[in-house]
Amino acid sequence: MVTFVDSNKAEYGVEPICNEIWIAPSSYYEH
1 MVTFVDSNKA EYGVEPICNE IWIAPSSYYE H
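Per full-length UniProt numbering, the very first residue in the sequence shown carries number 1; after that it's consecutive.
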């Protein structure tokens with residue numbers, strides 16, 4: 001999931017992606 005967010009965060013932002021794939025933004029930021 002982290003790789004997916006990294007690939008798309010510039011276009012969509014971290015939080016909107018996390019909301020769509022049902023993970024907490026804090027879970028992403030831990031990595």
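Using N, Cα and C, we set each Cβ at its ideal position, and we do this for glycine too.
Query                                                                                                         : Result
Sequence-distant residues of the same chain with beta carbon closer than 7 Å to ILE23, five excluded per side : MET1
Delimiting residues of the alpha helix (DSSP H) encompassing ALA10                                            : 2-12
Per-residue burial, TYR17 [other beta carbons within 10 Å of its own, 16 or more giving buried]               : Sequence check: residue 17 is Ile here, not Tyr. Answer is buried; the Cβ neighbour count reaches 16.
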